[in-house]
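A.B. asks:
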Amino acid sequence: MAEWNAYYQNGDEDEEQEEGEQSGGDYKSTGRDSLVFLVDAAKEMFIKGEDGQPSSFDMTMQVVRSVYASKIISSHRDLVALVFYGTEQSKNPRNSFKHVYVYHDLDEPGAKRVQDADALRGSKGAQLAAQTMGSGETSLGDALWCCANLYNDIKLRLSHKRLMIFTCRDDPHGGNSTKDRQVRTKAGDLKETGVVIDLMHLMKPGGFDVSLFFCDIVSPPEDESELGLQLEPCNKLEDLQKRVRAKEQKKRAMARLNLCLGEGINVAVGMYATAVSARKPGSIRLYRETNEPVRSKTRTFHTQTGSLLLPSDIKKAQVYGKKKIVMERDEVDAIKKFDDPGLFLIGFKPMEKLKLHHHTRPAVFLYPEENDVKGSSCVFSALLTKCSERNVFALCRCISRRNYPPRFVALVPQKEEVDEGKVQITPPGFNVIFLPYADDIRAVDPHRCPVASQTQVNKMKEIVSKLRFKYRSDAFENPVIQQHYRNLEALALDMMAPEEIEDLIMPKLEQIDNRLGPLVQEFKDLVYPADYNPETKPAAKRKTADTGGGAEKKPKLEVSEDELRAHVQNGTMAKLTVPVLKEACKHFGIRTTGTKKQELIDALVARLGS
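Residue numbers (our numbering): 17 to 626.
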């Protein structure tokens with residue numbers, strides 16, 4: 017029989033999986049995402065900007081290269097294609113369309129594609145593009161038709177289809193109404209098949225007039241959080257990368273729930289993870305002769321007979337009072353289930369009641385799902401506005417998934433923020449803060465330390481004020497992960513050496529010294545004695561007996577023996593920490609083979625319960 021751990025321990029493991037991998041998200045659509053870059057190859061795209069600014073074509077190729085590299089790391093199974101229109105040469109399936117050059121078919125990104133995109137950057141890239149494709153007549157309708165054929169040739173199931181047009185010409189056909197009408201017709205056909213068309217327009221002399229042609233081509237925003245058509249063109253690489261990143265990343269919900277505001281009032285909402293710990297990908301086991309991935313299977317056998325056990329043959333048990341309480345799988349599931357998944361409003365509290373130490377795990381973001389329940393956006397917006405005006409948070413009971421334990425959460429309102437380019441920085445919605453239970457809060461007995469004088473405090477305040485800076489989490493990359501992927505990139509692209517990375521988390525000692533000046537020495541003089549040297553090691557403690565034959569003392573228990581026996585009788589040993597349980601085992605002379613909490617508890621229960 018399999019050993020069954022405590023219910024809340026299992027719940028914590030599930031929540032950790034939910035935070036990290038989010039592999040079991042309640043997605044509306046399954047399949048692969050796809051992205052087609054449709055790039056204008058007209059001569060205007062190769063004109064360099066003022067003050068040595070890169071050309072529109074160069075900026076586009078840098079963005080394409082960046083997306084290729086990020087796709088390989090984050091979602092290597094997605095499909096990406098690169099198509100040029102307005103070319104002199106033609107290259108497409110069956111060569112059905114003139115002046116359309118399919119540089120990369122719709123397929124998974126790889127090292128070769130990154131190298132190809134690198135080759136099209138800079139002045140040498142412009143020369144290569146002129147030799148390979150050239151610039152010729154423009155027919156955007158044929159280009160869209162060719163992209164539609166790329167999608168039709170894919171036999172895989174696609175969950176999201178997006179097409180991005182990069183151009184610096186607001187009237188690509190020069191007023192040719194026949195070609196304009198053909199483009200509008202083909203764009204409508206693509207939209208009906210689920211393809212989202214976006215415009216990434218670049219700066220041109222005299223400005224880019226979106227209303228002249230492209231306003232009828234681009235798809236409207238999918239929801240209120242989606243970035244719509246931007247009227248201002250991009251004149252910097254950073255702006256273009258920011259817009260492409262905002263469009264390219266598909267937002268998926270961790271869970272879709274109903275927020276119950278009262279009897280008969282339900283609002284459909286989606287939970288989104290705004291911050292997830294980035295980890296290095298796990299290693300893949302390969303068969304050493306063919307380098308093909310191997311699959312591993314786990315089977316359970318009877319310890320005595322050696323016979324193969326089926327899942328129906330395995331039961332779960334919990335030791336309680338020296339007895340094994342055996343349960344069937346459906347009984348365990350019934351015990352775990354408290355209620356159906358959802359959010360239930362309990363009330364409202366002032367923001368001052370929410371403390372920093374109440375954050376027990378990373379927060380998630382709540383946003384309405386209008387497609388599930390009509391009117392959800394309106395009610396959600398009203399609730400968000402009132403909570404912001406009155407500076408209160410909503411207290412709710414949350415069950416995020418089936419068979420998950422209920423949690424108390426605080427819905428903290430968040431207003432929308434946009435930057436100068438009208439790109440959304442902060443979306444409107446609620447941040448879901450998971451609150452602790454009474455069992456989760458521990459009483460800390462801090463060690464008594466010397467109290468600093470007011471002079472010392474004032475001097476430290478001066479130091480802190482000198483070292484303050486505006487912190488942004490997105491400005492610091494994990495150096496370990498960055499170095500890992502640079503090494504992989506160097507191996508995949510046959511580079512001589514990986515690119516150097518800048519460790520942004522290392523303190524800038526020279527800048528700190530310049531800012532502080534004599535304050536550090538002044539603080540040392542106030543706090544430490546005159547002969548203090550931090551480099552010297554503290555003197556070793558003398559032993560109790562010179563011969564080393566002193567009697568060995570038993571470790572002092574933080575919890576008395578009577579309290580331990582009371583915990584055993586009440587079945588509350590799980591409230592004690594692992595260090596306390598280890599000290600108790602040492603005190604009673606109990607030898608334990610493992611260090612797991614449940615093993616320590618079982619050993620103490622066997623000794624004290626007898």
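Think of the CB as a built atom: it goes at the ideal place given N, C-alpha and C, for glycine as much as any other residue.
1. So, is TYR643 buried or exposed, given that buried needs 16 or more other C-beta atoms within 10 angstroms?
2. So, with DSSP's three-state summary, where would you put ASP42?
3. In three-state DSSP terms, what is LEU509?
4. Between PRO384, ALA398, PRO236, which lies nearest to SER392 when the distance is taken from Cα to Cα?
5. Are ALA58 and THR183 close, meaning C-beta to C-beta below 9 Å?
6. Determine the burial state of ILE362: buried for a count of at least 16 other Cβ atoms within 10 Å of its Cβ, exposed for fewer.
7. Find the nearest neighbour of GLY445 within the set PRO429, THR306, PHE424, judged by alpha-carbon distance.
8. Considering only the alpha carbon of each residue, which of ILE300, VAL480, MET219, GLU515 lies closest to ARG63?
9. Check the DSSP bridge columns for ASP346 and list the partner residues they point to.
10. Quick one: Cα of GLY102 to Cα of ALA164, how far?
11. With 16 other CB atoms within 10 Å as the buried threshold, where does ALA622 fall?
12. Give me the residue from LYS352, THR306, THR608, GLN614 with the minimum Cα distance to ARG418.
13. In the DSSP assignment, the beta strand (DSSP E) including ALA426 goes from what residue to what residue?
14. Rounded to the nearest angstrom, what separates ASP121 and SER155 at their Cα positions?
15. Can you give me the start and stop residues for the beta strand (DSSP E) that MET367 sits inside?
16. Is any heavy atom of the ligand COA found at a distance shorter than 8 Å from the C-beta of ALA164?
17. Looking only at C-alpha atoms, which of VAL425, LEU160, SER397, ALA85 sits nearest to GLU505?
18. Closest by CA to MET180, which one among VAL234, GLN198, TYR420?
19. Which term fits PHE224, buried or exposed, when burial requires 16 or more other beta carbons within 10 angstroms of its beta carbon?
20. Which residue marks the beginning of the alpha helix (DSSP H) containing VAL583, and which one marks its end?
21. Can you tell me whether THR563 is helix, strand or coil according to DSSP?
22. In three-state DSSP terms, what is LEU243?
23. If I measure Cβ to Cβ from ASP618 and keep anything under 7 Å in the same chain, skipping five residues before and after, which residues do I get?
24. In three-state DSSP terms, what is TYR101?
25. In angstroms with no decimal places, state the Cα-to-Cα distance between ALA426 and VAL536.
26. Which residue's Cα is closest to the Cα of GLY337: GLU66, VAL584, PHE53?
27. Between MET61 and the rest of its own chain, which residues show a CB-CB distance below 7 Å, the 5 nearest in sequence each way excluded?
28. Between PRO378 and ALA271, is the Cβ-Cβ spacing less than 9 Å?
29. Quick one: residues in its chain with C-beta nearer than 7 Å to the C-beta of THR608, no 5 flanking neighbours on either side, listed in chain order?
30. Taking the C-alpha atoms as reference points, what is the distance between ALA159 and PHE100?
31. Between which two residues does the alpha helix (DSSP H) harbouring ALA85 extend?
32. Where do the N-terminal and C-terminal ends of the beta strand (DSSP E) with MET180 fall, by residue?
33. Would you call the CB atoms of LEU411 and LYS371 closer than 9 Å?
34. Check for me: the alpha helix (DSSP H) holding LEU616 runs from which residue to which?
35. Count the other CB atoms, across all protein chains shown, that sit within 10 Å of the CB of ARG449; report buried if there are 16 or more and exposed otherwise.
36. CA-CA distance, MET512 and LYS177?
C.D. replies: Taking the geometry as given:
1. The question about residue 643 has no answer, for the chain in this structure spans 17 to 626.
2. Start at 1 with the first residue of the sequence shown, and residue 42 comes out as number 26. Model confidence at ASP42 stands at a pLDDT of 39, short of 50, so the residue's coordinates are unreliable; what they give is reported in the following sentence. In this structure, ASP42 counts as coil in the three-state DSSP scheme.
3. Looking up residue 509 in the sequence shown gives position 493. Residue state, collapsed to three classes: coil.
4. What you label residue 392 is simply residue 376 of the sequence shown in a count that begins at 1. Selected option, being the one with the closest Cα: PRO384.
5. As a first step, residue 58 is located in the sequence shown; it is residue number 42 there, counting from the start. As a first step, residue 183 is located in the sequence shown; it is residue number 167 there, counting from the start. When the beta-carbon positions are compared, ALA58 and THR183 come within less than 9 Å of each other.
6. Position 346 of the sequence shown holds residue 362. Answer is exposed; the Cβ neighbour count stays below 16.
7. Counting from 1 along the sequence shown, the entry for residue 445 is found at position 429. Nearest C-alpha to GLY445 among PRO429, THR306, PHE424: PRO429.
8. Indexing the sequence shown from 1 puts residue 63 at position 47. Reading off the sequence, residue 63 comes out as Ile, not Arg. Ranked by Cα distance from ILE63, the first of ILE300, VAL480, MET219, GLU515 is MET219.
9. Locating residue 346 in the sequence shown gives position 330, counting from the first residue. When DSSP reads this structure, ASP346 sits in no beta bridge, so it has no partner.
10. Walking along the sequence shown from the start, residue 102 turns up at place 86. Walking along the sequence shown from the start, residue 164 turns up at place 148. Their Cα atoms are separated by approximately 17 Å.
11. As a position in the sequence shown, residue 622 is number 606, starting the count at 1. Around the beta carbon of ALA622, fewer than 16 other beta carbons lie within 10 angstroms, which makes this residue exposed.
12. Here residue 418 refers to the residue found at position 402 of the sequence shown. Per the Cα distances, LYS352.
13. For the purposes of this step, residue 426 is taken as the residue at position 410 of the sequence shown. First-last of the beta strand (DSSP E) with ALA426: 423 to 430.
14. The sequence position of residue 121 within the sequence shown is 105, counting from 1. The sequence position of residue 155 within the sequence shown is 139, counting from 1. Rounded to the nearest angstrom, the two C-alpha atoms are 20 Å apart.
15. Taking the first residue of the sequence shown as 1, we reach residue 367 at position 351. MET367 -> no beta strand (DSSP E), and no H or E assigned at all.
16. No copy of the ligand COA occurs in the structure displayed, which carries no ligand at all.
17. Along the sequence shown, one-based indexing puts residue 505 at 489. The candidate whose alpha carbon is nearest that of GLU505 is ALA85.
18. Counted from its first residue, the sequence shown places residue 180 at position 164. Comparing Cα positions, the closest option is VAL234.
19. By 1-based counting over the sequence shown, the position of residue 224 is 208. In the assembly as shown, PHE224 is a buried residue. Its beta-carbon has 16 or more other beta-carbons within 10 Å.
20. By 1-based counting over the sequence shown, the position of residue 583 is 567. For clarity, residue 583 is His in the given sequence; the question names Val instead. From DSSP, the alpha helix (DSSP H) with HIS583 extends over 577 to 586.
21. Counting from one through the sequence shown, the residue named residue 563 turns up at place 547. The predicted position of THR563 is uncertain, since its pLDDT is 47 and thus under 50; a value taken from the coordinates is nonetheless stated next. Correct three-state label for THR563: coil.
22. Start at 1 with the first residue of the sequence shown, and residue 243 comes out as number 227. Residue placement at LEU243 cannot be trusted, given a pLDDT of 47 that sits under 50; the coordinates are not used to answer.
23. Within the sequence shown, residue 618 is the residue found at index 602, counting from 1. Cβ neighbours of ASP618 beyond the five flanking positions: VAL335.
24. In the sequence shown, the residue the question calls residue 101 occupies position 85. The answer is strand: DSSP assigns TYR101 an E or B state.
25. Here residue 426 refers to the residue found at position 410 when the sequence shown is read from its first residue. Here residue 536 refers to the residue found at position 520 when the sequence shown is read from its first residue. Approximately 42 Å, taken between the alpha carbons.
26. The residue you call residue 337 lines up with position 321 of the sequence shown. Distance from the Cα of GLY337 is smallest, within the candidate group GLU66, VAL584, PHE53, for VAL584.
27. Residue mapping note: residue 61 aligns to position 45 of the sequence shown, counting from 1. Excluding residues within five positions, the ones whose Cβ falls inside 7 Å are SER71, SER72, PHE73, CYS184.
28. Start at 1 with the first residue of the sequence shown, and residue 378 comes out as number 362. Start at 1 with the first residue of the sequence shown, and residue 271 comes out as number 255. No Cβ-Cβ contact shorter than 9 Å links PRO378 with ALA271.
29. The residue labelled residue 608 in the question sits at position 592 within the sequence shown. Within the same chain, CYS601, GLU615, LEU616, ALA619 come within 7 Å of THR608 by CB-CB distance, once the 5 residues on both sides are set aside.
30. Here residue 159 corresponds to residue number 143 of the sequence shown, with the count starting at 1. Here residue 100 corresponds to residue number 84 of the sequence shown, with the count starting at 1. About 8 Å.
31. On the sequence shown, position 69 is the one that residue 85 refers to. Per DSSP, ALA85 belongs to the alpha helix (DSSP H) from 72 to 90.
32. As a position in the sequence shown, residue 180 is number 164, starting the count at 1. Unbroken beta strand (DSSP E) run through MET180: 174 to 183.
33. For this step, residue 411 is matched to residue 395 along the sequence shown. For this step, residue 371 is matched to residue 355 along the sequence shown. Here LEU411 is not near LYS371, since their CB atoms are 9 Å or more apart.
34. Position 600 of the sequence shown, counted from the first residue, corresponds to residue 616. Under the DSSP assignment, LEU616 falls in the alpha helix (DSSP H) whose first and last residues are 613 to 624.
35. Taking the first residue of the sequence shown as 1, we reach residue 449 at position 433. Here residue 449 turns out to be Ile, not Arg, going by the sequence shown. Buried, by the Cβ-count rule.
36. Taking the sequence shown and counting its residues from 1, the one referred to as residue 512 is at position 496. Taking the sequence shown and counting its residues from 1, the one referred to as residue 177 is at position 161. One Cα belongs to MET512, the other to LYS177, and the distance between them is close to 37 Å.
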